[in-house]
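Asks: Counting with my numbering, you get residues 14 to 183 for the letters of the sequence shown.
A virtual CB, placed ideally from N, CA and C, is assigned to each residue, including glycine.
In this text, all values refer to a predicted model and were calculated from it rather than measured experimentally.
I'd like to ask some things about the structure below.
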Amino acid sequence: MNNNSIRRMTQSDLQLVLEWRNHPDVRRYMYTQHEISLEEHRCWFENSSKNSSRHLLIFELNGASQGFINFNLLSAGGVADWGFYAAPAAPKGSGRQMGYAALNYAFFELKFHKVCGQALAYNSRSINFHQSLGFQQEGLLRDQYFDGEQYHSVVCFGLLKHEWQPSQEG
């Protein structure tokens with residue numbers, strides 16, 4: 014059985030998370046698609062770490078870091094956005110385990126009422142992933158994102174705490 018956990022991201026994770034974030038298989042699905050410099054990444058981490066509404070987290074599987082999760086609390090009522098990516102070389106199935114662990118953390122540790130997510134409409138893996146975790150599609154923002162060459166629609170999702178079905182996968 015796999016042993017997984019969620020922990021806070023630290024300064025010592027910066028280089029590894031930057032490598033994941035800049036990997037072409039991760040970067041092509043992000044709103045910011047340029048290659049991020051170490052200095053830009055450090056500034057982002059320092060600013061985000063000072064913001065009490067931000068939760069920067071690392072997913073570990075069998076003691077090895079395998080993914081990044083970001084929760085951003087939007088309101089005092091416990092509504093938060095999330096973003097995430099698995100390490101490009103993470104073992105097959107670890108993304109799903111990360112999703113379960115992250116949502117358990119959001120609802121039971123952080124006490125969120127709702128987690129919201131977005132996916133670029135061409136990212137069918139992320140759309141299917143959200144749906145497989147129980148998220149409901151709440152909207153479609155047509156031509157919302159311009160990547161420098163063309164517009165893309167954004168699919169919006171939401172999952173309420175009472176809808177979350179924790180399982181042994183987390």
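For residue 157, which residues from the same chain have a beta carbon less than 8 Å from its beta carbon, with the 5 sequence-adjacent residues on both sides left out?
Replies: The answer, listed in chain order, is 164, 165, 166 and 167.
Asks: How is residue 16 classed by DSSP in three states: helix, strand or coil?
Replies: Here residue 16 sits in coil by DSSP.
Asks: In the DSSP output, which residue or residues are listed as bridge partners for residue 168?
Replies: The partner list for residue 168 (beta bridge, DSSP) reads 132 and 153.
Asks: Going by CA-CA distance only, name the one from 142, 68, 178 and 29 that's closest to residue 108.
Replies: Here the closest residue by C-alpha is 142.
Asks: Identify which residue in 132, 80 and 84 has its Cα closest to the Cα of residue 151.
Replies: When each option's Cα is compared against that of residue 151, the closest is 132.
Asks: Just to confirm my understanding: we take residue 147, look at its own chain, exclude 5 residues before and 5 after, and list those with CB closer than 8 Å. What are they?
Replies: For residue 147, where only same-chain residues beyond five positions count, the Cβ hits under 8 Å are 172, 176, 177 and 178.
Asks: Measure the alpha-carbon distance for residue 40 versus residue 49 and round it to whole angstroms.
Replies: Their Cα atoms are separated by approximately 10 Å.
Asks: Which residue spans inside the stretch 54-96 form an unbroken alpha helix (DSSP H) run of at least 4?
Replies: Fully enclosed alpha helix (DSSP H) runs of 4 or longer: not present.
Asks: I need the straight-line Cα distance from residue 60 to residue 25, nearest angstrom please.
Replies: Using only the alpha carbons, I get a separation of about 16 Å.
Asks: Give every residue of the same chain whose Cβ lies closer than 7 Å to the Cβ of residue 159, excluding the five residues on either side of it in the sequence, and list them in chain order.
Replies: Here the set comprises nothing.
Asks: Within 10 Å of its beta-carbon, does residue 110 have 16 or more other beta-carbons around it, so buried, or fewer, so exposed?
Replies: When all chains shown are included, residue 110 counts as buried.
Asks: Just mark residue 184 as buried or exposed, buried being the case when its beta carbon has 16 or more other beta carbons within 10 Å.
Replies: A question about residue 184 goes unanswered here, because the residues of the chain that appear run from 14 up to 183.
Asks: Residue 79: buried (16+ other C-beta within 10 angstroms of its C-beta) or exposed?
Replies: Looking at its Cβ environment, which holds 16 or more other Cβ atoms inside 10 Å, residue 79 is buried.
Asks: Let me know the secondary structure DSSP gives residue 174 once reduced to three states.
Replies: Residue 174 falls in the helix class under three-state DSSP.
Asks: Among 85, 116, 34 and 102, which has the Cα closest to the Cα of residue 68?
Replies: The residue with the shortest Cα to Cα distance from residue 68 is 85.
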